[in-house]
Amino acid sequence: MDDLQIAERLRTDLTRAADTALLVPPELEAVQASAAARRRRSVLAGVLAAAAALVLLAGAVAVVARDDGRDRTTTGIQPPTTRPVTTPTPSTVPSTVPSAAGSGGDGDTSSLTLRGDGLGAVDFGAPMDQAIAAVATHLGDVARPQPKAGTPCPGDQWVEAGWDTFATVVWQGLTLVFAGPDASSLHFVGWFALDFDGPVNLATVEGPRVGDPVAVWRATYGSRVVEFPEVPGMFRVALPEGEIVVNHSEVGGDASAGTLCVPEP
Amino acid sequence: MRAQVSGQPPALTLAAETFEELFARERGPMVRVAYLITGSRAVAEEVTHDAFVRVYQRWGRIERPGAYLRRCVVNGALGTRSRREHGERLTRSLGPWGGAETADHDHTLDAVLRLPPRPRALVVLRFYEQLSVDEIAEVLQIPAGTVKSGLHRALAQLREVLA
Chain A
-10 MDDLQIAERL RTDLTRAADT ALLVPPELEA VQASAAARRR RSVLAGVLAA AAALVLLAGA
50 VAVVARDDGR DRTTTGIQPP TTRPVTTPTP STVPSTVPSA AGSGGDGDTS SLTLRGDGLG
110 AVDFGAPMDQ AIAAVATHLG DVARPQPKAG TPCPGDQWVE AGWDTFATVV WQGLTLVFAG
170 PDASSLHFVG WFALDFDGPV NLATVEGPRV GDPVAVWRAT YGSRVVEFPE VPGMFRVALP
230 EGEIVVNHSE VGGDASAGTL CVPEP
Chain B
594 MRAQVSGQPP ALTLAAETFE ELFARERGPM VRVAYLITGS RAVAEEVTHD AFVRVYQRWG
654 RIERPGAYLR RCVVNGALGT RSRREHGERL TRSLGPWGGA ETADHDHTLD AVLRLPPRPR
714 ALVVLRFYEQ LSVDEIAEVL QIPAGTVKSG LHRALAQLRE VLA
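These protein sequence lines are chains A and B, in that order.
Note that the first sequence covers residues -10 to 254 in the numbering used here.
Note that the second sequence covers residues 594 to 756 in the numbering used here.
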């Protein structure tokens, strides 16, 4: 049997084998539903990863503070309260991003609105400086963050898009996360509040705040609150504009909320 | 001119306007490709579903959706357990012991499924999908020379079995 004969046999027999196999191709609706479900899991995984990272960061900062003793001072940060503020690399960052007083705020500076597509007056995707300035209106100026290599987001689409640089800014437990293709082009992609101790309320426009138990959220949002059976105290809330994940642990007293990696690059 | 498979146009050369158009055109051919690589209907259907999900999630960010889709299908098929590991039998007529003849196309598919995974994918893409060597190289992101040598070795193996 020469090459032409075997090629013809393969073509004919493989076509016949495939045609007689009674295969069921996928359905469009099922594909789209799977994609949406994976996206939800990706967001949750991102929030959980951010929570874990922040816990580790908080622990590391506590160790450094203890080792430095009373001589330790905050640098490059002008916190609005007496509580020390931490950033990923505060001692190496001399500049600060000024607050945008009178521009981009919520109007009511006593509350910062939690949103599924942004935070307060700033949308996901906004340039880093704009997002920091908007939040600084409520929480005070903060050191400009030092970008780092890597991505805080799960899923290889971030790497495929070349978004391999990220930065974080922290105000009293509220973290803003930025990502982008390089240090000069970072965009607001997420926020995360963990044991927030700032001078404003972190609340949705409908009222529930970070730290409220699930019953309060359910009273406002009803079936749009979905608990995670595997993580007691954690639930997601489908706000009209997007989803946020909230944690209120009765046991550990943790109060956190956030969303991360929205939109995708 | 390359022959068309099951009435389908040469998929890699088309720029799909929408995901729905790509889906409508490729959902049938892709599940068949996955089946010929895995030998399992269930695995093929699952792999194809997952491949379309990946394409859907990246729609607008991939330049050649047809090539990317095939890469997802092939990689997914090669990453799953084989037909024998999965415990699934081909749909076939009874063999000589059962009284009926085994169909020729089942002999051929069995021979292809006995090939190592990568050569198996090369054979399916070349002789079922009838992609060119360069197109296969693009789909699998390997050098054209690797495709040629892999096909050469696979054909040598198949020639012995099918003669």
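Think of the CB as a built atom: it goes at the ideal place given N, C-alpha and C, for glycine as much as any other residue.
As the structure is a computational prediction, the values presented were derived from the model and not from experiment.
Subject >> Neighbour list for Val20/A in chain B, Cβ cutoff strictly below 8 Å >> reply: Along the first sequence, read from residue 1 onward, the residue named residue 20/A stands at position 31. Within chain B, the residues near Val20/A are Phe616, His642, Phe645, Val646 and Tyr649.
**OP:** Pull out every residue of the segment 622 to 637 of chain B whose Cβ sits closer than 7 Å to any Cβ of chain A, in chain order.
**Re:** From the segment 622 to 637 of chain B, only Val624, Arg625, Tyr628, Leu629, Arg634 and Ala637 have a Cβ closer than 7 Å to chain A.
Original post:
Going by the CB atoms, is the gap between Phe181/A and Val199/A shorter than 8 Å?
Top reply: Mapped onto the first sequence, residue 199/A falls at position 210. Mapped onto the first sequence, residue 181/A falls at position 192. Contact: no.
Original post:
Around the Cβ of Ser212/A, are there at least 16 other Cβ atoms within 10 angstroms (buried) or fewer (exposed)?
Top reply: On the first sequence, position 223 is the one that residue 212/A refers to. Classification of Ser212/A: exposed, given that the 10 Å Cβ count is below 16.
Subject >> Spatial distance of Leu12/A from Arg225/A (CA atoms) >> reply: The count along the first sequence starts at 1 and reaches residue 12/A at position 23. The count along the first sequence starts at 1 and reaches residue 225/A at position 236. A straight-line Cα-Cα distance of about 38 Å links Leu12/A and Arg225/A.
Original post:
Can you name the residues of chain B whose CB is closer than 8 Å to the CB of Ala168/A?
Top reply: Position 179 of the first sequence, counted from the start, is the residue given in the question as residue 168/A. Residues of chain B passing the Cβ test: none, with the nearest at roughly 15 Å.
Subject >> Where Val13/A meets chain B, residues with beta-carbon distance less than 7 Å >> reply: Reading the first sequence from its first residue, position 24 is the one you call residue 13/A. Taking a Cβ-Cβ threshold of 7 Å, the residues of chain B close to Val13/A are Glu638, in chain order.
Original post:
At which residues does the alpha helix (DSSP H) containing Val716/B begin and terminate?
Top reply: Position 123 of the second sequence, counting from 1, holds the residue named residue 716/B. Residues Pro710 to Val716.
**OP:** Can you give me the start and stop residues for the beta strand (DSSP E) that Phe181/A sits inside?
**Re:** By one-based count along the first sequence, residue 181/A stands at place 192. Its beta strand (DSSP E) spans residues His176 to Leu183.
Subject >> chain A residues whose Cβ lies nearer than 8 Å to that of Tyr721/B >> reply: Translated into the one-based positions of the second sequence, residue 721/B becomes position 128. Going along chain A in sequence order, the residues near Tyr721/B (Cβ under 8 Å) are Leu(-1), Arg0, Leu3, Thr4 and Ala7.
**OP:** State the Cα-Cα distance for the pair Asp201/A and Thr193/A, rounded to the nearest angstrom.
**Re:** Working through the first sequence from its first residue, we reach residue 201/A at position 212. Working through the first sequence from its first residue, we reach residue 193/A at position 204. Taking the Cα positions, Asp201/A is about 11 Å away from Thr193/A.
**OP:** Run down chain A in chain order and give the residues with a C-beta less than 7 Å from the C-beta of Glu761/B.
**Re:** With chain B represented from 594 up to 756, any question about residue 761/B goes unanswered, as that position is not in the structure.
Subject >> Glu255/A: first and last residue of the uninterrupted alpha helix (DSSP H) it sits in >> reply: Nothing in the structure corresponds to residue 255/A, since chain A is present only between -10 and 254.
**OP:** Could you work out which residue in Trp152/A, Ala110/A, Pro170/A and Met117/A is closest to Asp158/A when comparing CA atoms only?
**Re:** To locate residue 158/A, count along the first sequence from 1; it is residue 169. Going by the sequence as given, residue 158/A is Val instead of Asp. Closest in C-alpha terms to Val158/A, from the list Trp152/A, Ala110/A, Pro170/A and Met117/A, comes Met117/A.
Original post:
Got a sec: which bits of the segment 196 to 207 of chain A sit with their beta carbon under 9 Å from any beta carbon on chain B, in order along the chain?
Top reply: Residues passing the 9 Å Cβ filter: none.
Original post:
Which bits of chain B does Ala23/A rub up against, with CB to CB less than 9 Å?
Top reply: If you number the first sequence from 1, residue 23/A lands on position 34. In the sequence as displayed, the identity of residue 23/A is Ser instead of Ala. Simply His642, Asp643, Phe645, Val646 and Tyr649.
Subject >> Spatial distance of Leu183/A from Val20/A (CA atoms) >> reply: Start at 1 with the first residue of the first sequence, and residue 183/A comes out as number 194. Start at 1 with the first residue of the first sequence, and residue 20/A comes out as number 31. Take the alpha-carbon of Leu183/A and the one of Val20/A: they are about 35 Å apart.
Original post:
How would you write the range of the alpha helix (DSSP H) that Val626/B sits in, first residue to last?
Top reply: Numbered from 1 along the second sequence, position 33 holds the residue referred to as residue 626/B. Annotation for Val626/B: the continuous alpha helix (DSSP H) segment containing it runs Phe612 to Thr631.
Original post:
Looking at Leu715/B and Val754/B, is the spacing between their C-beta atoms short of 8 Å?
Top reply: Reading the second sequence from its first residue, position 161 is the one you call residue 754/B. Reading the second sequence from its first residue, position 122 is the one you call residue 715/B. Inclusion of Val754/B and Leu715/B in the CB contact set at 8 Å is not warranted, their separation being larger than that value.
Subject >> Whole-angstrom C-beta distance between Arg625/B and Ala(-4)/A, which should lie under 8 Å >> reply: For this step, residue -4/A is matched to residue 7 along the first sequence. For this step, residue 625/B is matched to residue 32 along the second sequence. About 18 Å separates the two Cβ atoms, so there is no contact after all.
**OP:** For my contact list, Val666/B and Arg27/A are in at a C-beta cut-off of 8 Å; report their separation, rounded to the angstrom.
**Re:** Against the second sequence, residue 666/B aligns to sequence position 73. Against the first sequence, residue 27/A aligns to sequence position 38. Wrong, their Cβ atoms sit about 18 Å apart, outside the cutoff.
Original post:
How close, in whole Å, do the beta carbons of Val640/B and Gly659/B come, if the pair is a contact with beta carbons under 8 Å?
Top reply: Residue mapping note: residue 640/B aligns to position 47 of the second sequence, counting from 1. Residue mapping note: residue 659/B aligns to position 66 of the second sequence, counting from 1. Wrong, their Cβ atoms sit about 17 Å apart, outside the cutoff.
Subject >> Of the residues Leu629/B, Glu619/B and Phe612/B, the one placed nearest Pro712/B, counting alpha carbons only >> reply: What you label residue 712/B is simply residue 119 of the second sequence in a count that begins at 1. Looking from the CA of Pro712/B, the closest CA among Leu629/B, Glu619/B and Phe612/B belongs to Leu629/B.
Subject >> Inter-residue spacing [alpha-carbon to alpha-carbon] between Pro14/A and Ser99/A >> reply: Within the first sequence, residue 14/A is the residue found at index 25, counting from 1. Within the first sequence, residue 99/A is the residue found at index 110, counting from 1. Cα to Cα, Pro14/A sits roughly 55 Å from Ser99/A.
Original post:
What residue from His642/B, Arg752/B, His700/B and Phe612/B has the CA that sits closest to Leu3/A's CA?
Top reply: Numbered from its first residue, the first sequence carries residue 3/A at position 14. For Leu3/A, the nearest C-alpha among the options comes from His700/B.
Subject >> Partner residues on chain B for Asp(-8)/A, Cβ-Cβ distance less than 7 Å >> reply: On the first sequence, residue -8/A is found 3 positions in, with the first residue counted as 1. Leu748, listed in chain order.
Original post:
If the cut is a Cβ gap below 8 Å, which residues of chain A does Val705/B touch?
Top reply: Here residue 705/B is taken as the residue at index 112 of the second sequence, counted from 1. The answer, in chain order, is Leu(-1) and Leu3.
**OP:** Return the Cβ separation of Gly187/A and Leu128/A in integer angstroms, given the expectation that the two are a contact with Cβ distance under 8 Å.
**Re:** Reading the first sequence from its first residue, position 198 is the one you call residue 187/A. Reading the first sequence from its first residue, position 139 is the one you call residue 128/A. With a beta-carbon spacing of about 5 Å, Gly187/A and Leu128/A fall inside the 8 Å limit used to define contacts.
Original post:
In or out: Gly738/B buried (at least 16 other Cβ within 10 Å) or exposed?
Top reply: Here the question's residue 738/B lines up with position 145 in the second sequence. So Gly738/B counts as exposed.
Subject >> CB contact below 8 Å: Glu613/B versus chain A >> reply: Within the second sequence, numbered from 1, the residue matching residue 613/B stands at position 20. Answer yes: the Cβ-Cβ gap between Glu613/B and chain A drops below 8 Å somewhere.
**OP:** Confirm, please, whether the CB-CB distance from Pro136/A to Thr154/A is below 8 Å.
**Re:** Locating residue 154/A in the first sequence gives position 165, where the first residue counts as 1. Locating residue 136/A in the first sequence gives position 147, where the first residue counts as 1. Between Thr154/A and Pro136/A, the gap from beta carbon to beta carbon is short of 8 Å.
Original post:
Just the Cα atoms here: how many angstroms apart are Pro221/A and Val205/A?
Top reply: In the first sequence, the residue the question calls residue 221/A occupies position 232. In the first sequence, the residue the question calls residue 205/A occupies position 216. Going from the Cα of Pro221/A to the Cα of Val205/A covers about 16 Å.
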